[in-house]
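Engineer: First the structure, which I've put down as structure tokens, then a few questions once you've had a look.
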Amino acid sequence: ETGVTQTPRHLVMGMTNKKSLKCEQHLGHNAMYWYKQSAKKPLELMFVYSLEERVENNSVPSRFSPECPNSSHLFLHLHTLQPEDSALYLCASSLGPGTLLNTEAFFGQGTRLTVV
Amino acid sequence: GNSVTQMEGPVTLSEEAFLTINCTYTATGYPSLFWYVQYPGEGLQLLLKATKADDKGSNKGFEATYRKETTSFHLEKGSVQVSDSAVYFCALSSRGSNFGNEKLTFGTGTRLTIIP
Numbered sequence: 006e007t008g009v010t011q012t013p014r015h016l017v018m019g020m021t022n023k024k025s026l027k028c029e030q031h032l033g034h035n036a037m038y039w040y041k042q043s044a045k046k047p048l049e050l051m052f053v054y055s056l057e058e059r060v061e062n063n064s065v066p067s068r069f070s071p072e073c074p075n076s077s078h079l080f081l082h083l084h085t086l087q088p089e090d091s092a093l094y095l096c097a098s099s100l101g102p103g104t105l106l107n108t109e110a111f112f113g114q115g116t117r118l119t120v121v
Numbered sequence: 028g029n030s031v032t033q034m035e036g037p038v039t040l041s042e043e044a045f046l047t048i049n050c051t052y053t054a055t056g057y058p059s060l061f062w063y064v065q066y067p068g069e070g071l072q073l074l075l076k077a078t079k080a081d082d083k084g085s086n087k088g089f090e091a092t093y094r095k096e097t098t099s100f101h102l103e104k105g106s107v108q109v110s111d112s113a114v115y116f117c118a119l120s121s122r123g124s125n126f127g128n129e130k131l132t133f134g135t136g137t138r139l140t141i142i143p
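In order, the protein sequence lines correspond to chains A and B.
Using my numbering, the first residue of the first sequence is number 6, and each one after it goes up by one.
Using my numbering, the first residue of the second sequence is number 28, and each one after it goes up by one.
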């Protein structure tokens with residue numbers, strides 16, 4: 006248990022569905038991240054939120070829409086996904102701006118997403 | 028841009044064997060270097076880190092030394108156990124374009140299996 010909780014753990018959705026992934030941390034961290042983990046590829050950073058503002062958007066398709074309503078919660082809204090979007094989606098948090106060089110990121114267990 | 032290259036797996040060793048997983052990086056400035064481990068069904072956990080050249084990170088019998096001259100951060104353990112079976116990720120943390128916009132750049136991961 007790392008203090009970062011993701012739900013659901015598994016999700017199967019059709020290409021026309023709309024679903025949301027949820028991430029929650031109560032570690033007092035101010036930065037939160039979404040990563041995509043695909044087989045035989047490096048973890049891909051998708052979005053970074055720092056103090057509830059999006060500071061990074063790595064050319065992610067608009068069918069992925071993040072939301073950070075407060076420093077403890079992060080969502081990833083999904084719509085009209087493609088089969089190649091099937092992957093493990095990991096949420097992470099860290100202390101906050103200016104700290105990641107010296108401290109660690111804490112990861113959730115991930116949501117295994119399958120798009121059919 | 029920043030990148031991390033680590034040896035491709037899978038790696039299979041017998042219990043008590045010596046382990047080396049190679050990792051090299053490309054980065055501007057002075058990144059921090061990390062090894063994360065992902066046990067089956069779990070998210071990533073920090074295994075060890077080094078924040079400046081010649082630093083040695085160590086944890087649970089694993090070690091890695093930050094070698095700036097060879098841009099390497101190889102992971103080693105003298106005697107592996109079955110419980111070390113996991114996926115190991117090398118990563119670096121660097122400053123982004125704005126303050127607070129640090130990000131972790133990961134390698135592809137190396138799956139390690141230890142057989143009794």
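Ideal placement from N, C-alpha and C gives every residue a C-beta, glycine not left out.
From a predicted model like this one, the values you see are computed outputs, not experimental measurements.
According to DSSP, which residues form a beta bridge with Gln108/B?
Structural biologist: Bridge partners of Gln108/B: none, in fact.
Engineer: So which residues on chain A does Glu69/B lean against when the C-beta distance must stay under 9 Å?
Structural biologist: Correct list: Thr7, Phe112, Gln114 and Gly115.
Engineer: Look up Met18/A in the DSSP assignment and give the residues it is bridged to.
Structural biologist: Answer is Val120/A.
Engineer: Can you look up Pro88/A in the DSSP assignment and give me helix, strand or coil?
Structural biologist: Here Pro88/A sits in helix by DSSP.
Engineer: With a Cβ-Cβ cutoff of 7 Å, do Val74/B and Asn86/B count as a contact?
Structural biologist: Looking at the sequence itself, residue 74/B is Leu, so the reference to Val does not match. Closer than 7 Å, so yes.
Engineer: Leaving aside the five residues before and after His15/A along the sequence, list all residues of the same chain whose C-beta is less than 6 Å from its C-beta, in chain order.
Structural biologist: Once the five neighbours on either side are set aside, the close Cβ partners of His15/A are Arg117.
Engineer: Whole angstroms are fine: how far does the CA of Cys96/A sit from the CA of Cys28/A?
Structural biologist: Going from the Cα of Cys28/A to the Cα of Cys96/A covers about 6 Å.
Engineer: Leaving out five residues on either side along the sequence, give the residues of the same chain with a beta carbon under 7 Å from the beta carbon of Gln33/B.
Structural biologist: Hits under 7 Å: Ile48, Asn49, Cys50, Cys117, Gly134, Thr135 and Thr137.
Engineer: Is the CB-CB distance between Gly70/B and Gln30/A below 7 Å?
Structural biologist: Result no, Cβ atoms of Gly70/B and Gln30/A do not sit closer than 7 Å.
Engineer: Tell me, please, whether the CB atom of Gly134/B is closer than 7 Å to any CB atom in chain A?
Structural biologist: Yes, Gly134/B lies at the interface with chain A (some Cβ there is under 7 Å from its Cβ).
Engineer: When we look at the beta-carbon of Val31/B and count the other beta-carbons within 10 Å, is it buried (16 or more) or exposed?
Structural biologist: Buried, by the Cβ-count rule.
Engineer: I'd like to know if Leu50/A contacts chain B, where contact means its C-beta is closer than 7 Å to some C-beta of that chain.
Structural biologist: Answer yes: the Cβ-Cβ gap between Leu50/A and chain B drops below 7 Å somewhere.
Engineer: Enumerate in chain order the residues of its own chain whose CB-to-CB distance from Ala44/B is below 7 Å, with the five nearest sequence positions on each side excluded.
Structural biologist: Cβ within range, chain order: Val107.
Engineer: Do you know offhand how far Asp111/B's Cα is from Gly68/B's?
Structural biologist: In a straight line, the C-alpha of Asp111/B is about 14 Å away from that of Gly68/B.
Engineer: Check whether chain B comes within 7 Å of Pro47/A, counting only Cβ atoms and requiring the distance to be less than that.
Structural biologist: Yes - at least one Cβ of chain B is within 7 Å of the one on Pro47/A.
Engineer: Taking the straight line between their C-alpha atoms, what separation do you get for Glu72/A and Ser41/B?
Structural biologist: The alpha-carbon atoms of Glu72/A and Ser41/B are separated by roughly 46 Å.
Engineer: I need the straight-line Cα distance from Glu61/A to Phe100/B, nearest angstrom please.
Structural biologist: Distance between the alpha carbons of Glu61/A and Phe100/B: 27 Å.
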